[in-house]
Each structure stands twice: as C-alpha cells, then as structure tokens.
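In UniProt numbering, the protein residues as written are 1 to 585.
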C-alpha cells in the first residue's frame, strides 16, 4: 500500500466530502438493517396467533400492516441515502481522477527532452489513461464499498450481539479464515496486475507506432508481418489477463462458501438453543439468518475491493515511477527576464546522454541582436543541436552559452522560451484547424495577424484553396498538408509570436526555390531587428546572412560572410559550385 500513499493529499483535499459520505453510508446501513427486527417481530406475532396465544385477528392484521409500512418506509429511506452515498463517493473519485491526470500531465510537460527519448509515447499514454483509471476505481468504488462493508458489518454485529451474543460468536468463526485467504490472494493479484498493465503499455505503444507509421508499413507491404507481431503481443496480454482472472475467480466462491458455513452454524446451533430453551423465541433464528445473508454482499465485496486495491497499487506504482523523475532542465528563478537576443557560444562541447554521441566540440561564435547567422554542414554535423541548446532543451557539460551576456542557465526558463520562435526540421502540426495551428504561437492573435503571418510564410494562397480555408481541420501531425505546406504553416506559427530570437532548422527544404526566395524576402523584413539563426543545406538560404559558420563533425571548420567564404577553398565554395551547377541544369 506504500505506493497509494501518494494519494493521501487527495483524500485530505476532499476530506469533508468523504466524511459526509461516511455519515450518509452509516445512515443508509442503519435504515437498511432496521427491517430485520420488524420481520422478527412479525414472525413472533404470527407464531403466537398460530399457537393461540393471540386470538384477535384484527390486532394481528394491524400489527403486520404497520410493520410492512415501516419496512417499506425504512427501505425507501435506505435507498435514498444509498443514492446520496454513491453520488458523494463516485463524484469525489471523478474529481480526484481529474486532479491526478492533471498532475501527471503537468509533470510530463515539465520533464526534459531526454525523458521522451527514453520512453515510448504509448507507455506514457497508458499511464495517464489506463493506470489512472485503475487508481480511480480505488478512489471511488473501492473506498465506497469498503466503507459500506465496514458500516454494514459493524452495525449488523451490534444487532446480532444485542440479540444473541453466543450465537454471534459461532457465526463469525469463518471470518479469520476469510481474512487470511484474502491476504494470500491479494499478493498474487498484485503481481499479476503489474504484469497485465505492463503488457497493456506494450500493446498501446505498438498500436500507436503502427498507426503513426501506417504509410511506411503499407509502402513496404509489411501488413501481415505487423499483424503477426500484434497477435503475439495480444496473445501475451490475453494470457496474462487470464492468469489474473484465475486468481480473482477464487474470491466469490470462497465468500459464498464461508457465508454458507455461517448459515449452517446459525441454523444448527440456533436450532439446538431454541430446543434447549436457551433462546426464547424463533424470531432470533429468523433474524440471524437475515443478518448473515445481509453480510453476504459486504463480505463478498471484500474480494472485489481487494482486487481493485491491488490493481490500483500496481498502477500507482507505475505512475509514481514517472512522477519521481525530476526534470533535468529547471528554471533557476521565478522572476521573469527581459531577453534582447544577443547570443554567444563559448567553447561549447555537448554529448547526448542516450547515444553518447558528441554533437558539438569546442564551438564558439557570437550573434549580436538583429544579426542573422546561417549554419551549414552535412547531416549529423551538429546544426540542429545548436538550436536545441539555445532553447535550453539540453544543458551543456563544457563551455558556456550566454544570452545578453548572462549564462543561459541563470535565466528564467519561461522568459527564455517565450522569447524564441522555433521552426523545427520536422514540422509538427496538431490535429486542429489551420487557424489554431498558426495562432498556437499567439493564442490571442487577431484574424488579420493570422492572415499576415500566413502571407509572410507564403502559404496564404494554398490555405484559401481549401474549401474551409483557415477552418480546415488537419489530420494527425498535419498529414492533410504537403511537406512544404506543413513547413510554411510552422513558419507562420513562429513569426506570429513576434519573438526576439528566431530559429529556423532547415525549414525550407521541402519548398521549391521560387517559394523559398519569396519566403526569405519576407523574412528579411520581419527579422530586421531580431536575432535570427538559419540552419540550411542550401546556399540560397544562407547567402544573405550577416555571418555563416560551417560545421563538420561537431566542429566549426569555416566562418565568415558569403563573399568571404567564396574566396576560401573548402566546403562552402564546393557546395556553392555544386548547387549552382544543379540550378543551371
């Protein structure tokens, strides 16, 4: 139960509502059990009438009718309180589920990029959906039925002891056996529940990746191979679920058996005591049979509740595993900073933790506010890494990155990232309208600002060709659009934010040279007073920059202006000649 201690703060938050639920439950159980003595009294009246001790038939009818009315009345009141009990506990559990999901999601948002490289999306989704749902069953139904069981058992035992203490003792003999059996089965359920949730995460991950990569699967004709792999995972999940169900199946028969033994003891011992005269009236025996059967569901629910608790324990353990992960990148202070945009790299060396690849080696350069820096190099030379470090998606182990002459690790993280407009190499768009994808960079943007940003990114005409224009809803990851259109919408999203620093990571690779020239001309006006870094494989994107650096294997091998680099023998001059020949061809 140690993993479930994390939920104690939720119980404290809703303690008054839970206490109200407890009071309502006790009231419901008292009214629910009140009919048993009435049935006992009715049995005595009928017995006395049949034995001739009471001869007034009208009196018997009146007493029985009054008892029936009381039974109906108390049952209706018990039903009303039971309704309130369910409303209280289940509604509170939904609030707790909401809080827990928000806690997990907010923690996910704060975790660093490394975390997402080491964990699969399907597993992350399973923990915030299936695992939280399992925990909700503990917060709601399990707590509700536990309170009901405790209240029913306590109130019933009070009535039983008051009626016949010795007979009560014999009746509860099976309960220690029940408690021990539940403990043993609970241990087995906890182990199997953990395995079941792990398999469910694997299934979610596999299906999520399959659906996201369906185009690749179809293009390679791997449908049957993928189906085979899914069937293997599905069969494994089925087998583990069957193992869990086999253990859970022991509970109810065990409960019924022990309740049956209690009934036998009541009838046998109670009957002998009535015969011997130790119990005066038969109503005690009738009441005890009803009491024991009233305990059937509360006692039987112990098994179900225990199963829910064990599954919740296994799920909360998985949730806690991620909640215990601390963000690698944290803000050093809460006070916002004003970012102007001057950037300096001082002997920066950086190695990725997950691959141990050293992406940058002793890199140094300066970009003043309002300047444009272009970075060119082969694939894997470290170009994108520079942009990720400026956004502080990672922290460096050697050297220093300065923003406005201040170490980047000393700046307010939110202020830093809000001052940056970043267009990644792989443009990511949400399954939402084009309008909402653009104003994602500025949620309060006006229609005119959205259209102007689209025009500056040379995508407005394309958008207007769609039947719903800016209201066109995109498919997953923007699949509705072409590669070039996705890049241009992503550019519009970055520039509408009007940041101090603009980072473009090879974001024009999917557009033709004519469109590229149009976008660059527009960006030249937009970026006039902004610090801009452009990563590209094309000389045309870099030639107008104030400074150009060439990266190779994480090192700067050349730097200067376009004209200066053309005068030097090396990678830049060779690339320029190659691309010039390709253009002429």
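Note that CB positions come from ideal geometry on N, CA and C, so glycine has one too.
1) Report, in whole angstroms, the separation of the C-beta atoms of residue 506 and residue 372, which I expect to be a contact under 8 Å.
2) Check whether the Cβ atoms of residue 323 and residue 107 lie closer than 7 Å to each other.
3) Do the region 68 to 76 and the region 33 to 49 touch if we need at least three Cβ pairs shorter than 8 Å?
4) Can you tell me the Cβ-Cβ gap for residue 301 and residue 145, rounded? I've got them flagged as a contact below 8 Å.
5) Taking Cβ positions, are residue 596 and residue 188 nearer each other than 7 Å?
6) In terms of alpha-carbon separation, which member of 381, 404, 408 lies closest to residue 394?
7) Output needed for residue 427: all residues of its chain with C-beta closer than 6 Å, excluding positions within five of it in sequence on either side, in chain order.
8) I'd like to know whether the C-beta atoms of residue 127 and residue 319 end up nearer to each other than 7 Å.
9) Are the CB atoms of residue 419 and residue 499 within a distance shorter than 7 Å?
10) Can you find the residues in the same chain that come closer than 8 Å, C-beta to C-beta, to residue 99, ignoring five residues on each side of it along the sequence?
11) Suppose you measure from the CA of residue 116 to the CA of residue 413; what does that come to, to the nearest Å?
12) Can you grab the Cα-Cα spacing for the pair residue 554 / residue 17, in whole Å?
13) Roughly how far, in whole angstroms, is the beta-carbon of residue 205 from the beta-carbon of residue 217, given that I think they are within contact range, below 8 Å?
14) Roughly how many angstroms separate the alpha carbons of residue 81 and residue 90, rounded to a whole number?
15) Sort out for me which residues DSSP pairs residue 547 with in a bridge.
16) Within 8 Å, do at least three Cβ pairs link the region 356 to 368 to the region 441 to 451?
17) Looking at the unbroken alpha helix (DSSP H) that takes in residue 58, where does it start and where does it end?
18) Where does residue 585 sit, in a helix, a strand or coil, going by DSSP?
19) Mapping the DSSP letters down to three states, classify residue 398 as helix, strand or coil.
20) Give the single residue among 59, 353, 340, 326 whose Cα lies nearest to the Cα of residue 109.
21) In whole angstroms, give me the CA-to-CA distance for residue 457 and residue 496.
22) According to DSSP, residue 406 sits in a beta bridge with which residue or residues?
23) Given that a residue counts as buried once 16 or more other Cβ atoms are within 10 Å of its Cβ, and exposed if not, what is residue 5?
24) For the beta strand (DSSP E) containing residue 519, list its first residue and its last residue.
25) Sort out for me which residues DSSP pairs residue 350 with in a bridge.
26) From residue 369 to residue 375, what distance separates their C-alpha atoms?
27) Ignore the nearest five residues each way along the sequence and tell me which others in residue 315's own chain have a CB closer than 7 Å to its CB.
28) Quick one: what's got a C-beta closer than 6 Å to residue 367's C-beta in the same chain, skipping five residues either side?
29) Going by C-alpha distance, which of 160, 92, 194, 422 is nearest residue 22?
30) Do three or more CB pairs link the region 427 to 438 to the region 458 to 478 at distances below 8 Å?
31) When DSSP labels each residue in this structure, what does residue 53 get in the three-state scheme?
32) Please confirm whether residue 549 and residue 564 have their CB atoms less than 7 Å apart.
33) Just confirm the distance between the C-beta atoms of residue 25 and residue 85, as a whole number of angstroms; I'd bet it's less than 8 Å.
34) Let's see if you can read the secondary structure: which residues bound the alpha helix (DSSP H) around residue 244?
35) Exposed or buried, which one is residue 575 when buried takes at least 16 other CB atoms within 10 Å?
So, from the listed chains and residues:
1) Contact doesn't hold; Cβ gap of about 15 Å is too wide.
2) yes
3) yes
4) 5 Å
5) Here the chain comprises residues numbered 1 to 585, so residue 596 is not present and cannot be evaluated.
6) 408
7) 486, 487, 490
8) yes
9) yes
10) 10, 13
11) 19 Å
12) 60 Å
13) Not quite, the Cβ-Cβ distance comes to about 15 Å (not below 8 Å), so this is no contact.
14) 14 Å
15) 373
16) no
17) 57 to 110
18) Unreliable positioning characterises residue 585 in this predicted model, as indicated by a pLDDT of 49, which lies under 50. The coordinate reading is nonetheless provided below. In this structure, residue 585 counts as coil in the three-state DSSP scheme.
19) strand
20) 326
21) 10 Å
22) 403
23) exposed
24) Looking at the DSSP string, residue 519 is not in any beta strand (DSSP E); the run it does join, the alpha helix (DSSP H), is 513 to 526.
25) 360
26) 17 Å
27) 131, 134, 135, 197
28) 343, 373, 531
29) 92
30) yes
31) coil
32) no
33) 5 Å
34) 223 to 248
35) buried
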